[in-house]
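Asker: I have a structure here, written as structure tokens, and I will follow up with some questions on it.
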Amino acid sequence: YSADPRVVHRARKLTHIRYDEMLELAAVGAQVIHPRAVEIGELYGVPIHVRSSFNDRVGTMIVAQVPMEDRQRVRGIAQEKNVAKITVLGVKDRPGVAASIFEPLGAAGISVDVIVQNVGHSGRTDLTFSVAESDLKAAEKLVRIAAKKVAARRVSSAGGIAKLSIVGTGMLGMPGIAGRMFRALAEAGINIEMISTSEIRITCLVSRDQVEKGVRVLHKAFDLDVE
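For the sequence shown, position 221 (counting from the first letter as 1) is numbered 221 according to my numbering, and the numbering increases by one without interruption.
Pasting the structure below:
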């Protein structure tokens, strides 16, 4: 579907979706199929037919290329609620500092996703990144140890946030997609805390209590509602 039908009642069933689009949707919260299954299908060129276990209706084909009529600019809207963020304030702007902060997290098996770095005029920078909220306690402990070693001024953290994403290979080279997303959220009163992009995805971090509203707003803004 173009979004979780439990959140968007007018979600559109996709007849086809590309491997890379499905992988991006899975990475940002769409719990449809295990990403590894999609990776194997793409590696060996095996089309994957995702169907309901409750009926015999045709489902969605995951393939290398989709038919022309299915190539909307934005194919799907996804959400992920298990998100928290950590901010390291006043880090010295010099080589190796980011590695000192992120290497202990990697060694502990903690994945880092959205990363934003703001460079100030005083030779110091603020570093903010997201982790799974279930990893927040362990991650914050490691970051505080690393922050002392790099002489950071302060560490803060916050839960209660979520990832809200739009995905589609049709976004490549199409101007105005990001602006349209941000305008729709602004008009709905949804504040964006952080932004991350890939070639076929734009992800915003928003308050968790507004993420489902955001899914519906974006689904309508990109003309994905079933008529």
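The beta carbon of each residue, even a glycine, is placed where N, CA and C say it ideally should be.
Using the rule of at least 16 other Cβ atoms within 10 Å of the residue's Cβ for burial, across every protein chain shown, is MET174 buried or exposed?
Answerer: Here residue 174 refers to the residue found at position 174 of the sequence shown. Exposed: under 16 other Cβ atoms inside 10 Å.
Asker: Could you have a look at ALA11 and say whether DSSP puts it in helix, strand or coil?
Answerer: Reading the sequence shown from its first residue, position 11 is the one you call residue 11. ALA11: coil per DSSP, three-state reduction.
Asker: Check GLU199 in the structure and name its three-state DSSP category.
Answerer: As a first step, residue 199 must be located in the sequence shown, where it is residue number 199. Of the three classes helix, strand and coil, the one that applies to GLU199 here is coil, per DSSP.
Asker: Expressed to the nearest angstrom, what Euclidean distance is found between the alpha-carbon atoms of GLY179 and ASN191?
Answerer: One-based indexing of the sequence shown puts residue 179 at position 179. One-based indexing of the sequence shown puts residue 191 at position 191. Straight-line Cα distance between these residues: approximately 14 Å.
Asker: Just checking, does the stretch 59 to 69 make contact with the stretch 101 to 119 on the three C-beta pairs under 8 Å criterion?
Answerer: For the pair of segments examined, the stretch 59 to 69 was found not to touch the stretch 101 to 119: the number of CB pairs separated by less than 8 Å stays below three.
Asker: How would you label LYS85, buried or exposed, when you count the other beta carbons within 10 angstroms and need 16 or more for buried?
Answerer: Reading the sequence shown from its first residue, position 85 is the one you call residue 85. LYS85 should be labelled buried.
Asker: Tell me whether the stretch 117 to 127 and the stretch 187 to 207 touch, counting them as touching only if at least three CB pairs, one residue from each stretch, are closer than 8 Å.
Answerer: No, they do not touch.
Asker: Considering only the alpha carbon of each residue, which of HIS219, ASP223 and ALA186 lies closest to VAL206?
Answerer: In the sequence shown, counting from the first residue as 1, residue 206 sits at position 206. When each option's Cα is compared against that of VAL206, the closest is ALA186.
Asker: Report yes if the CB atom of ALA78 is closer than 9 Å to the CB atom of SER165, and no otherwise.
Answerer: Your numbering for residue 78 matches position 78 in the sequence shown. Your numbering for residue 165 matches position 165 in the sequence shown. Taking C-beta atoms as the reference points, ALA78 and SER165 count as a pair closer than 9 Å.
Asker: Please work out which residues of its chain come closer than 6 Å, Cβ to Cβ, to ALA132, disregarding the five sequence neighbours upstream and downstream, and give them in chain order.
Answerer: Taking the first residue of the sequence shown as position 1, residue 132 is located at position 132. Within the same chain, ALA132 has close Cβ partners ASN82.
Asker: Helix, strand or coil, according to DSSP, for GLU140 in the structure here?
Answerer: Counting from 1 along the sequence shown, the entry for residue 140 is found at position 140. The answer is helix: DSSP assigns GLU140 an H, G or I state.
Asker: In the stretch 166 to 195, which residue ranges form an unbroken alpha helix (DSSP H) of at least 4 residues, counting only runs that do not cross its ends?
Answerer: 177 to 187
Asker: Could you spell out where the beta strand (DSSP E) holding ASP126 opens and where it closes?
Answerer: Position 126 of the sequence shown, counting from 1, holds the residue named residue 126. 124 to 132 is the extent of the beta strand (DSSP E) around ASP126.
Asker: Can you tell me the Cα-Cα spacing of ARG153 and ILE145, whole angstroms?
Answerer: Here residue 153 refers to the residue found at position 153 when the sequence shown is read from its first residue. Here residue 145 refers to the residue found at position 145 when the sequence shown is read from its first residue. Distance between the alpha carbons of ARG153 and ILE145: 12 Å.
Asker: Determine, using beta carbons only, whether VAL88 and THR128 come nearer to each other than 9 Å.
Answerer: Indexing the sequence shown from 1 puts residue 88 at position 88. Indexing the sequence shown from 1 puts residue 128 at position 128. Yes.
Asker: Compute the beta-carbon to beta-carbon distance between LYS92 and ARG124, rounded to the nearest angstrom, for a pair I have assumed lies under 8 Å.
Answerer: Taking the first residue of the sequence shown as position 1, residue 92 is located at position 92. Taking the first residue of the sequence shown as position 1, residue 124 is located at position 124. Confirmed, Cβ separation roughly 6 Å.
Asker: With burial defined as no fewer than 16 other Cβ atoms inside 10 Å of the residue's Cβ, what is the status of GLY109: buried or exposed?
Answerer: In the sequence shown, counting from the first residue as 1, residue 109 sits at position 109. Counting Cβ neighbours within 10 Å, GLY109 comes out exposed, since fewer than 16 surround it.
Asker: What are the start and end residues of each continuous beta strand (DSSP E) run of 3 or more residues lying completely inside the stretch 35 to 86, in chain order?
Answerer: As for any beta strand (DSSP E) of minimum length 3 sitting wholly inside the stretch 35 to 86, the runs are 48 to 50 and 60 to 63, ordered along the chain.
Asker: So, is ASP4 buried or exposed, given that buried needs 16 or more other C-beta atoms within 10 angstroms?
Answerer: For the purposes of this step, residue 4 is taken as residue 4 along the sequence shown, with counting starting at 1. Buried, by the Cβ-count rule.
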